[in-house]
Amino acid sequence: MSADGLHEGALVGLLDAAPDGILLVAGDGRVAFSNQAAQRLFGYSREGMLDATIESLVPARFRARHVPDRRAYAADPRQRPMGLGLQLQGLCSDGSEVPVEISLAPMSTGGERMIVTIVRDATQRSAIAEQRLRFARSQAVEEVVSGLEAIVWESTTPDRESLSYLGGREEALLGYPHERWLQEGFWLSLVYPEDRIHALTLAATAQEKDTFELEYRLIDASGDLHQVRDIVSVSRDENGDVVRLRGVIVDMTDRRELEARLAQAQKMEAVGQLAGGIAHDFNNLLTIASGYTQRLRGRADLAGAHEDLDQIIAATDRAAELIRQLLTFARRGEGEAVLLDPSAAIRGLEPMLRRLIDADIVFDFRLEPNSPHVLIDRAELEQILMNLIINARDAMSSGGTLTVSSGACTISAAEAARHHAPAGDYVQLCFADTGVGIPEEMRDRIFEPFFTTKQDKGTGMGLATVYGIIDHAGGWIDVASTLGAGSTFRIVLPIGAPVQAQRALHESPTASTLLLVEDEAALRKLVVMMLEEAGHVVLQAGNGLDAIAISEHHRGRIDLLITDVVMPRLSGPELAQRLRGLRPGLDVLFMSGYNDSRLVSRGVAEAQVELLVKPFTADQLIGRVRELTSAAGVV
2 MSADGLHEGA
12 LVGLLDAAPD
22 GILLVAGDGR
32 VAFSNQAAQR
42 LFGYSREGML
52 DATIESLVPA
62 RFRARHVPDR
72 RAYAADPRQR
82 PMGLGLQLQG
92 LCSDGSEVPV
102 EISLAPMSTG
112 GERMIVTIVR
122 DATQRSAIAE
132 QRLRFARSQA
142 VEEVVSGLEA
152 IVWESTTPDR
162 ESLSYLGGRE
172 EALLGYPHER
182 WLQEGFWLSL
192 VYPEDRIHAL
202 TLAATAQEKD
212 TFELEYRLID
222 ASGDLHQVRD
232 IVSVSRDENG
242 DVVRLRGVIV
252 DMTDRRELEA
262 RLAQAQKMEA
272 VGQLAGGIAH
282 DFNNLLTIAS
292 GYTQRLRGRA
302 DLAGAHEDLD
312 QIIAATDRAA
322 ELIRQLLTFA
332 RRGEGEAVLL
342 DPSAAIRGLE
352 PMLRRLIDAD
362 IVFDFRLEPN
372 SPHVLIDRAE
382 LEQILMNLII
392 NARDAMSSGG
402 TLTVSSGACT
412 ISAAEAARHH
422 APAGDYVQLC
432 FADTGVGIPE
442 EMRDRIFEPF
452 FTTKQDKGTG
462 MGLATVYGII
472 DHAGGWIDVA
482 STLGAGSTFR
492 IVLPIGAPVQ
502 AQRALHESPT
512 ASTLLLVEDE
522 AALRKLVVMM
532 LEEAGHVVLQ
542 AGNGLDAIAI
552 SEHHRGRIDL
562 LITDVVMPRL
572 SGPELAQRLR
582 GLRPGLDVLF
592 MSGYNDSRLV
602 SRGVAEAQVE
612 LLVKPFTADQ
622 LIGRVRELTS
632 AAGVV
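Each residue of the sequence shown is one higher than the one before, counting from 2 in this note's numbering.
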């Protein structure tokens, strides 16, 4: 049978058999024919769809745009295939929408121009496309999560008894494989026992919040503790009940250690400043006590009291030594820094150092020959060695091994940053003993002044002095210790550069005219007596302004200004600068309870200054005056 012979019923049956919807739309937009697939797709009967406008099958939000599009196509009809990537929606009889794909083709029948519209249900294809999009997004999220230095988790219970998702760097950060994290109760087993109640209680309390943070410690696969921050977000159902928790665990160990180091450094700095201030006042008092005791010791009518006076003098000497150690801790130590090879210096002291060690302790030297030089006072280096070796000896009362090593080292940027120093090459000294070790709770305090674990032995200033010397030299000291296995003290010092030599001093055996400025009246009276008994003429003032007035009214020469450094109204360096304007070339001898000449040099013209450290004896004072005065100069 030819196509022309097909009757209308057979043609309708053929169209109804097509899997896609077929609509025949007139030029005015009316539906002239629909097949069964179109009727099923849109939910209409054949009669219900007949003569309906095509816009009735388009969602209302698209109709205003659809009418001009349909008219434009009718004015210039052409075949438009499916699959052009258009996101189209059809409107069903029940008001629901269905994603569709449409092809258009013009045709003429009975002299009327029609548009054949084939409509395909795109629900399955949209679902597949959406599934692919979700998969791509999931893959992107996994890539982002895997690159985080964190652990990302999800759980349906606040106690995290089981995790429904885990991603990130869990194995790299803590050493446990992915599968173990998903085991029931595994997260809680990693929480440090002392932190478990806190972590669970805070989590339960925070269920009223949409987001909250926890800080606790986790135990890694090797047994080490990691301080972590857990940032949690909460999802709820329509009743407000918690249905899901998601979180990100970030390792804060390095940051917390850095914060602890900074806090310790700030505390040590504050203690040092306090120590320096106290030491200044104590040195004034010790100078007075020692000076007057020495004078009494020289009186013939007090010969019977010499033994008692000697005890007082010995006590003031011990107190002065303790103050000197305190000032060394406060980085105000007296001494001349020189370039020296630490390995050679230690080797030269080896015989003396061995005498400090008991016979049952093995002394092992591992010194790198020709190591880089450091800039440090030789006596202070010896003090470091003796303090650390005595400390190690006391830790090995039953014998052991003390290993002393030295050599060049390279400090990484991370370690240098912890000590506010540049990365690069340094010199390293290590003192490792096999003694009893130091408890963890004491390690942060061992460098504090007067802190000691030796009860009645020592003053607690040994390690504090070591800390001050090393910090003054621009380095740092660390300690690692295990109870029962010993301790290792590691000193890092910068490689040194040459320093300028001290200027030569004048000598004068004759008496001179001196201007003494000291705000402590009792000390000023004592110093005047010491100087006058040595034959000097002494002009005295209690402050800098009075000293300037005395200098302006005194018509004779002044051979030497002797002044305290720290005074009210006008400091010693400021006074020296102003008097040198009035009397050019005036020599100055500073007195101070601080034993660091660099403190004095701030504010005076010369980089080098003359400093007499309190407490001092009459012989020390007269000797320094003799060195600095000259009978020939008239000032």
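Cβ coordinates follow ideal geometry from the N, Cα and C atoms, glycine included.
Cβ-based neighbour list, residue i, same chain, cut-off 8 Å, excluding 5 preceding and 5 following
| i | result |
| --- | --- |
| Thr646 | It is not possible to answer for residue 646, since the shown part of the chain is limited to 2 through 636. |
| Gly485 | Val437, Gly438 |
| Leu42 | Gly22, Gly91, Cys93, Val99, Val101, Val120, Asp122 |
| Leu183 | Ser163, Leu164, Leu167 |
| Ser243 | According to the sequence provided, residue 243 is Val. The question's Ser does not apply to it. Within the same chain, Val243 has close Cβ partners Pro159, Gln208, Val235, Ser236, Arg237. |
Contacts around residue i, its chain only, beta-carbon distance under 6 Å, and the 5 residues preceding and following it disregarded
| i | result |
| --- | --- |
| Ser406 | Arg367, Cys431 |
| Ala606 | Residue placement at Ala606 is flagged as unreliable, the pLDDT there being 40, under the threshold of 50; the coordinate-derived value follows with that caveat. The answer is none, since no qualifying residue turns up. |
| Ser163 | Glu185 |
| Val538 | Thr514 |
| Gly639 | As displayed, the chain neither begins before 2 nor continues past 636, which places residue 639 out of reach and without an answer. |
| Thr212 | Ser234 |
Bounding residues of the alpha helix (DSSP H) (the contiguous stretch that carries residue i)
| i | result |
| --- | --- |
| Thr466 | 463 to 473 |
| Gln40 | 37 to 43 |
| Gly425 | Segment 425 to 434 is the beta strand (DSSP E) holding Gly425; no alpha helix (DSSP H) there. |
| Leu629 | 619 to 629 |
| Gln578 | 573 to 583 |
| Gly545 | 545 to 554 |
| Ala173 | 171 to 175 |
| Met443 | 441 to 444 |
Under the three-state DSSP convention, the category residue i falls into
| i | result |
| --- | --- |
| Met397 | coil |
| Ala418 | helix |
| Asp520 | coil |
| Leu484 | coil |
| Leu12 | helix |
| Pro100 | strand |
| Glu185 | coil |
| Gln541 | strand |
| Ile447 | coil |
| Ser190 | helix |
| Arg491 | strand |
| Asp479 | strand |
| Ser513 | coil |
| Glu164 | It is worth fixing the name first, because residue 164 is Leu in this sequence and not Glu. Correct three-state label for Leu164: coil. |
| Phe330 | In this predicted model, Phe330 has a pLDDT of only 49, less than 50, meaning its place in the structure is not dependable enough to derive any value. |
| Val529 | helix |
Beta-carbon contacts of residue i that lie in its chain and below 7 Å, excluding the five residues immediately before and after
| i | result |
| --- | --- |
| Leu561 | Ser513, Leu515, Asp588, Leu590, Val626, Leu629, Thr630 |
| Glu56 | Gly30, Arg64, His67, Val68 |
| Asp434 | Ala393, Ala396, Met397, Gly401, Leu403, Gly487, Ser488 |
| Asp359 | Arg394 |
| Leu386 | Ile347, Leu350, Leu354 |
| Ala151 | Gly169, Arg170, Val249, Ile250, Val251 |
| Asn36 | Leu16, Asp17, Ala19, Gly22, Ile23 |
| Ser413 | Ala424 |
| Gly408 | Glu369, Ser372, Gln429 |
| Ala633 | For Ala633, the predicted model reports a pLDDT of 38, less than 50, meaning its position is unreliable; a value from the coordinates is still stated below. Around Ala633: no qualifying Cβ. |
| Ala205 | Pro159 |
| Arg599 | Caution is warranted here: a pLDDT of 46 is assigned to Arg599, below 50, making its placement in the model unreliable, and the coordinate value is therefore given only provisionally. Here the set comprises nothing. |
Residue i burial status per 10 Å Cβ neighbour count (16 or more: buried)
| i | result |
| --- | --- |
| Gln501 | A caution first: Gln501 carries a pLDDT of 45, below 50, which makes its placement in the model too unreliable to give a value. |
| Leu15 | exposed |
| Gly586 | exposed |
| Asn371 | exposed |
| Val493 | buried |
| Met443 | exposed |
| Met568 | buried |
| Leu382 | buried |
| Thr483 | exposed |
| Ile198 | exposed |
| His179 | exposed |
Span of the beta strand (DSSP E) around residue i
| i | result |
| --- | --- |
| Ile347 | Per DSSP, Ile347 belongs to no beta strand (DSSP E); it is in the alpha helix (DSSP H), 343 to 356. |
| Gln80 | Premise fails: Gln80 is in no beta strand (DSSP E) and is neither H nor E. |
| Gly49 | Note, Gly49: premise wrong, no beta strand (DSSP E); alpha helix (DSSP H) at 47 to 50. |
| Ser234 | 226 to 237 |
| Ile23 | 22 to 27 |
| Thr564 | 561 to 565 |
| Ala151 | 151 to 156 |
| Tyr217 | 212 to 220 |
| Glu113 | 113 to 122 |
| Leu92 | 89 to 92 |
| Phe591 | 588 to 593 |
| Phe366 | 362 to 368 |
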